Amino acid sequence: MSLISTPRRDVAWIGRFSALLRYGVLIGVGLIMLYPLFWMVAASFKPNHEIFGSVSLWPQDPTMDGVVKGWRTGTEYSFATYLLNSFAFIMPKVVLTVVSSVLVAYGFARFRMPGKQLWFALMVATILLPKSVLLIPQYLMFREFGWLDTYLPLYVPCAFATDGFFVFMVVQFLRGIPPDMEEAAVIDGCNSLQVLWHVVVPVIMPAIISVALFQFMWSLNDFLYPLIYLSSVGKYPVALALKMAIDVTEATAWNQVLAMSTIALLPSLIVFFLAQKYFVEGITSGSVKG
Amino acid sequence: MYDNRVSGYLYIAPFLIGLATFTLFPFLASFLLSFSDYQLQDPVEQARFLGLGNYTQMAGDDTFHGSLGVTFLYVFITVPLKLAFALFIAFVLNFKLRGIGFFRTAYYVPSILGGSVAIAVLWRYVFAGDGLINQVLVWAGGEPLNWLGEPAYALFTVVLLRLWQFGSAMVVFLAGLQNIPTDLYEAATIDGAGKARIFFTITLPLLTPVIFFNFIMQIVQAFQEFNGPYIITGGGPLKSTYLLPLMIYEEAFKYFNVGYAAALSWVLFLIIALFTIIAFASAKYWVFYGNEREDGE
Amino acid sequence: MAKGRVLLRGVTKCFGAVDVIKGVDLEIAPGELTVFVGPSGCGKSTLLRLVSGLELPTGGSIMIGDRDVTLVHPSERGIAMVFQSYALYPHMSVAENMGFGLKIAGLPKPLIKEKVAKAAEILQLTPLLDRKPRALSGGQRQRVAIGRCIVREPEVFLFDEPLSNLDAALRGQMRVEIARLHAKLGATMIYVTHDQVEAMTLATRIVVLNAGRIEQIGAPIELYRHPANLFVAGFIGSPAMNFMDGIVEAVETNSVSVRLNGATLRLPRHDAAVKPGAKVTVGIRPEHFRVGPTPADMDDDQAVEFDAIIDLVERLGGETLAHLRMPSLSDGVLVVKISGDVPLRIGTGLRVGIRLAQCHLFDADGRAVGEPAARAVVAA
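Residue numbers (the working numbering), protein chains in the order written: chain B, 1 to 290; chain X, 1001 to 1297; chain G, 2001 to 2380.
See the structure below:
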């Protein structure tokens, strides 16, 4: 009995120790990583002197002062304006990206045509092309169009599947789906557009949601493009408003700026927690399956 | 139906138009601009051919040399560290532990938010003179450091912001790890391989495609980092965080030297292209594609 | 009236540089259940997809009924198809799946509902109409896929390996259901399979395909009894026919004598177009060997016996496959099917008889030689 059970107990002990070690590492790293975020949220509800005065997370003297003043911002517009501005170009951007990416990906993934390999390779190459090499001529082009200080330069290119990453993502997803269903739909009398709408779109819905979510999130984070294209403060999105806030707010009003940052991150956080599986699927579909 | 070339081309037409208008044309235009003395405020017609002027100017431009050096330093520090850390955490997570989903989410959140201005702002305050980090240092009995004022520390804070976003690479590694069939591990165990041996002979080779993917993406992204340094340090102090994308932006939109900025952007492009080409060329020596799929369509 | 007739003339198909179908002429009579069978890669699925219109032929023409449909859209050919993966739309209910084609055709809703209900009743799917495909078993999905076809009231049903995703028991059951459905609807059906048992049991006629060409067309029993060439002989029948190399010794009016490894067989044949000295192949099906004393009803003239050594025994229960060495016939091992209750031991000897009339003879090019003159010999 004991001869058999001793090594087993050893194994169990090592297993438990290893699990403990893993949890230790995971929790430790997790805490260090997320602590700044907690600190930011907490600081939004602290008076300024407390932010500098104590490392404690919980506000001893909670106040809405930072949030209220932050929301009002130091400008003539409230934070609501900047949030709405962000959505004003992000929504068309997301819709156009989804529509164009799905159409183009369907063409690439399913149709046999001469030259397809070349175009596909070029599309993948655009993913790797640094944006700054295109930035200046694009700016000059949109200036010629008279589009400066409008949202057009921010979303019109998305109507033309310019984000190769999303096309690639949908293509990878489509390649994993046998075309039988689409052929059945052809026999049922669909043309290719009907096949796309009635069969392909419902089936690749998870990929479509991933595309929409990533584009939403990235556009919300986008800073450089609004920075060069928008000049009126009244049209600023959240990203520019925040940058402006740290430049104009008096150096000590940390709680206002941190409260604004917290609010700025809320849409992303909410969307992420509601739909995180699509993020994981989206980010892995391009790499693991291909 | 899928034999129909016309409809095939109709479907990819948006991409072809976009490729020509918003990618290929600007790409060539910036190449041409890089040989001109064009200033942002002038009408485009006034651009004058300058030959290699911008490039020779670069050779003698200390700001450029500094920026190039900082950029390489930034990329060479962040990419390997971020990949190694992402891989390490992915390994720790890739066991039958309870709460994997929770940790995966927790680690992924910074990647989702990390590129935002809000986080860069937060970073600025966390590393400020009386920010969180220094408070913790003092509380632990140490000396506060001038994180954003000392060149070496400033680069470190910007590097840290990128490392903080290791989550997306980790999620990809984790998916790659979970894609490795368990019967391979079982077969290796029966063959008498130890844990380290299994890692080096099975896990790592089968993970190389994912490592390759992450490597390329990280290299390309790191060379283009803009938001973090621009907002946290503005490129300073003493240009210690003045990455090339910052310099390109300032040359073009602050100093209006479009020609010079275009030349800089082409240098950045060539650097990234070179790294990508080397990576792809070397792939056949170290990336293992187990079940090659044919894409005969 | 040629409703339900399918006619292929000189049909070819290339994918890039690869010729998948190398010229097929075929007429399928109305109401027939024709099975395309052949090894994987023989082009049987491609041929079916050419009939369906999912692929367009590189050359030749296709007629369904009295219409030339070579370039007609699949939905207008009067065909319906059951896919190997069933290809049900995962986001639609059973009823929506079955009625989708009618909806696309713009039929009024009540009519669609009526037609779907009728088809559902034939297939006993009525209680499942509101379910999604993922809530169905494999057999039920299969029936929905068939239901989708019935609703379209096609001239021709096409089946692309419809049973290969089912387990063995269900496969047998669905096979019977398809046979029953064919009897009930009386429609033309084309059925692709690599499983020759399915082919033998279901088919009115079998088309054996190999490397993009038709090897033989005929009723199942005809292919079994009179394979036109070595390929069909080896493909139809399980376990496969035994082949032995030989050389023609003599050709007479009603027989051909073939020298095998050690023995000479005098095979009854007339009009055999071979010459003495020609290389030939003799084939015998495993079930045509006989172990034990020759039954009284057998003409001595036709039966020959040989010594065999047992190399390996596979017991299947009711019958046994014995792998035998018979040096007088061949260098290789011959498979013999015998009754399951015969005691056999590896390494021991055995007397095995064959009926010469049941032997097949093929020339050097693999073609069957002469008329199998069994009857003629018996009459003589």
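Glycine included, every Cβ here is placed at the ideal spot set by N, Cα and C. Quantities reported herein were computed from a predicted structural model and do not represent experimental measurements.
Taking Cβ positions, are PHE87 (chain B) and ASN1004 (chain X) nearer each other than 8 angstroms?
Indexing the first sequence from 1 puts residue 87 (chain B) at position 87. Indexing the second sequence from 1 puts residue 1004 (chain X) at position 4. No; because the gap between Cβ atoms is not below 8 angstroms, this pair is not in contact.
Chain G residues whose Cβ lies nearer than 9 angstroms to that of GLU76 (chain B):
The residue you call residue 76 (chain B) lines up with position 76 of the first sequence. Near GLU76 (chain B) there are no residues of chain G at all, since even the closest Cβ is about 49 angstroms away, more than 9 angstroms.
On a CA-only basis, which of B:VAL248, B:PHE166 and B:ASN221 is nearest VAL233 (chain B)? Give me that one, please.
Locating residue 233 (chain B) in the first sequence gives position 233, where the first residue counts as 1. Of B:VAL248, B:PHE166 and B:ASN221, the residue nearest in Cα terms is B:VAL248.
Please go through the same chain and pick out, in chain order, the residues whose beta-carbon is closer than 7 angstroms to the beta-carbon of ALA1273 (chain X), but skip the five residues on each side of it.
The residue labelled residue 1273 (chain X) in the question sits at position 273 within the second sequence. Within the same chain, ALA1273 (chain X) has no close Cβ partners at all.
Could you name the residues of chain X that THR63 (chain B) contacts, counting a contact when the two beta carbons are closer than 7 angstroms?
Residue mapping note: residue 63 (chain B) aligns to position 63 of the first sequence, counting from 1. Near THR63 (chain B) there are no residues of chain X at all, since even the closest Cβ is about 18 angstroms away, more than 7 angstroms.
If we call anything under 8 angstroms between Cβ atoms a contact, is LEU2050 (chain G) one with LYS2022 (chain G)?
Locating residue 2050 (chain G) in the third sequence gives position 50, counting from the first residue. Locating residue 2022 (chain G) in the third sequence gives position 22, counting from the first residue. Not a contact, by the Cβ cut-off of 8 angstroms.
For PRO1245 (chain X), report the span of its alpha helix (DSSP H) as first-last.
Here residue 1245 (chain X) corresponds to residue number 245 of the second sequence, with the count starting at 1. Looking at the DSSP string, the run of the alpha helix (DSSP H) that includes PRO1245 (chain X) is 1244–1253.
Contacting residues, own chain, Cβ-Cβ under 7 angstroms from ILE283 (chain B) (five flanking each side not counted):
If you number the first sequence from 1, residue 283 (chain B) lands on position 283. Cβ neighbours of ILE283 (chain B) beyond the five flanking positions: none.
For ASP1061 (chain X), which residues does DSSP report across the bridge?
Mapped onto the second sequence, residue 1061 (chain X) falls at position 61. Beta-bridge pairing links ASP1061 (chain X) to no other residue.
Chain X contact for GLY107 (chain B) (CB, 8 angstroms cutoff):
As a working mapping, residue 107 (chain B) is identified with position 107 in the first sequence. Closer than 8 angstroms: yes.
In DSSP terms, what LEU2334 (chain G) is bridged to
Numbered from 1 along the third sequence, position 334 holds the residue referred to as residue 2334 (chain G). According to DSSP, LEU2334 (chain G) bridges with G:LEU2324.
GLY1114 (chain X) and LEU1161 (chain X) - do their beta-carbons sit closer together than 8 angstroms?
Along the second sequence, one-based indexing puts residue 1161 (chain X) at 161. Along the second sequence, one-based indexing puts residue 1114 (chain X) at 114. Going by C-beta atoms, LEU1161 (chain X) is nearer than 8 angstroms to GLY1114 (chain X).
Three or more C-beta pairs closer than 8 angstroms, one from the region 100–109 of chain B and one from the region 1219–1230 of chain X: is that the case here?
no
Just to check my reading of the structure: GLY30 (chain B) and PHE1103 (chain X) have Cβ atoms closer than 8 angstroms, yes? What is that Cβ distance to the nearest angstrom?
For the purposes of this step, residue 30 (chain B) is taken as residue 30 along the first sequence, with counting starting at 1. For the purposes of this step, residue 1103 (chain X) is taken as residue 103 along the second sequence, with counting starting at 1. 6 angstroms between Cβ atoms; contact.
Through-space distance from ARG2225 (chain G) to ALA2303 (chain G), alpha-carbon basis
For the purposes of this step, residue 2303 (chain G) is identified with residue 303 of the third sequence, where counting begins at 1. For the purposes of this step, residue 2225 (chain G) is identified with residue 225 of the third sequence, where counting begins at 1. Going by the C-alpha atoms only, they are around 18 angstroms apart.
Residue range of the unbroken alpha helix (DSSP H) whose run includes TYR1153 (chain X)
Position 153 of the second sequence, counted from the first residue, corresponds to residue 1153 (chain X). Unbroken alpha helix (DSSP H) run through TYR1153 (chain X): 1151–1163.
Should the region 168–188 of chain B be regarded as contacting the region 2073–2091 of chain G, the criterion being three or more beta carbon pairs within less than 8 angstroms?
yes
Which residue comes first and which comes last in the alpha helix (DSSP H) that contains LYS2115 (chain G)?
Numbered from its first residue, the third sequence carries residue 2115 (chain G) at position 115. Looking at the DSSP string, the run of the alpha helix (DSSP H) that includes LYS2115 (chain G) is 2109–2122.
Collapsed DSSP secondary structure at TYR2191 (chain G) in the structure displayed:
Along the third sequence, one-based indexing puts residue 2191 (chain G) at 191. Three-state DSSP puts TYR2191 (chain G) in a strand.
Note down, in chain order, every chain G residue with its Cβ under 9 angstroms from the Cβ of CYS158 (chain B).
Reading the first sequence from its first residue, position 158 is the one you call residue 158 (chain B). Neighbours of CYS158 (chain B) on chain G: none; closest Cβ ~27 angstroms, over 9 angstroms.
Measure the Cβ-Cβ separation of ILE2190 (chain G) and VAL2232 (chain G) and say whether it is below 8 angstroms.
In the third sequence, counting from the first residue as 1, residue 2190 (chain G) sits at position 190. In the third sequence, counting from the first residue as 1, residue 2232 (chain G) sits at position 232. Their beta carbons are not under 8 angstroms apart, which means ILE2190 (chain G) does not touch VAL2232 (chain G) by this criterion.
Quick check on GLY2101 (chain G) - is its C-beta less than 8 angstroms from some C-beta in chain B?
For this step, residue 2101 (chain G) is matched to residue 101 along the third sequence. Answer yes: the Cβ-Cβ gap between GLY2101 (chain G) and chain B drops below 8 angstroms somewhere.
Measure from the C-beta of LEU2054 (chain G) to each C-beta in chain B and report whether the shortest distance is under 8 angstroms.
The count along the third sequence starts at 1 and reaches residue 2054 (chain G) at position 54. At least one chain B Cβ lies under 8 angstroms of LEU2054 (chain G).
Whose CA, out of B:VAL133, B:TYR225 and B:MET33, lies closest to the CA of ILE1271 (chain X)?
Along the second sequence, read from residue 1 onward, the residue named residue 1271 (chain X) stands at position 271. Checked all of B:VAL133, B:TYR225 and B:MET33; the closest Cα to ILE1271 (chain X) is B:VAL133.
Taking all protein chains shown into account, decide if ALA2017 (chain G) is buried (16 or more other Cβ within 10 angstroms of its Cβ) or exposed.
Taking the third sequence and counting its residues from 1, one reaches residue 2017 (chain G) at position 17. Flag for ALA2017 (chain G) reads exposed.
Any beta carbon of chain G sitting closer than 8 angstroms to that of PRO59 (chain B)?
Taking the first residue of the first sequence as position 1, residue 59 (chain B) is located at position 59. By this cut-off, PRO59 (chain B) is not an interface position.
By the 10 Å Cβ neighbour count, where 16 or more other Cβ atoms means buried, how is PHE145 (chain B) classified, buried or exposed?
Counted from its first residue, the first sequence places residue 145 (chain B) at position 145. The residue is exposed, with fewer than 16 neighbouring Cβ atoms inside 10 Å.
With distances taken from CA atoms, which of B:VAL41, B:LEU83, B:PHE45 and B:LEU174 is nearest PHE203 (chain B)?
Reading the first sequence from its first residue, position 203 is the one you call residue 203 (chain B). Here the sequence assigns Val to residue 203 (chain B), which means Phe is not the residue at that position. It is B:LEU174.
Based on the DSSP secondary-structure assignment, which residues constitute the bridge partners of GLU1225 (chain X)?
To locate residue 1225 (chain X), count along the second sequence from 1; it is residue 225. DSSP output for GLU1225 (chain X) lists no bridge partner at all.
Given this structure, state the Cα-to-Cα distance separating PHE120 (chain B) from PRO1026 (chain X), to the nearest angstrom.
Taking the first sequence and counting its residues from 1, the one referred to as residue 120 (chain B) is at position 120. Taking the second sequence and counting its residues from 1, the one referred to as residue 1026 (chain X) is at position 26. The straight-line gap from Cα to Cα measures roughly 20 angstroms.
By the 7 angstroms beta-carbon criterion, what residues does the region 2080–2109 of chain G contribute toward chain B?
ALA2080, MET2081, PHE2083, SER2085, ALA2087, TYR2089, PRO2090, HIS2091, PHE2100, GLY2101, ILE2104 and ALA2105
Can you pull the chain G residues whose beta carbon is under 9 angstroms from the beta carbon of PRO202 (chain B), in chain order?
Here the question's residue 202 (chain B) lines up with position 202 in the first sequence. Chain G residues near PRO202 (chain B): TYR2089, PRO2090, HIS2091 and MET2092.
Contact belief for LEU96 (chain B) with CYS158 (chain B) at Cβ below 8 angstroms, rounded distance in angstroms:
Along the first sequence, read from residue 1 onward, the residue named residue 96 (chain B) stands at position 96. Along the first sequence, read from residue 1 onward, the residue named residue 158 (chain B) stands at position 158. Right, the Cβ-Cβ distance comes to about 4 angstroms (below 8 angstroms), so this counts as a contact.
In the DSSP assignment, find the unbroken beta strand (DSSP E) run with HIS2182 (chain G) in it and report its ends.
As a working mapping, residue 2182 (chain G) is identified with position 182 in the third sequence. Run containing HIS2182 (chain G): none in the beta strand (DSSP E); it sits in the alpha helix (DSSP H), 2168–2185.
Cα-Cα separation between VAL1158 (chain X) and TYR225 (chain B), rounded to whole angstroms:
If you number the second sequence from 1, residue 1158 (chain X) lands on position 158. If you number the first sequence from 1, residue 225 (chain B) lands on position 225. Between VAL1158 (chain X) and TYR225 (chain B), the C-alpha separation is close to 21 angstroms.
Any C-beta of chain G sitting closer than 8 angstroms to the C-beta of ALA121 (chain B)?
Against the first sequence, residue 121 (chain B) aligns to sequence position 121. Not an interface residue.
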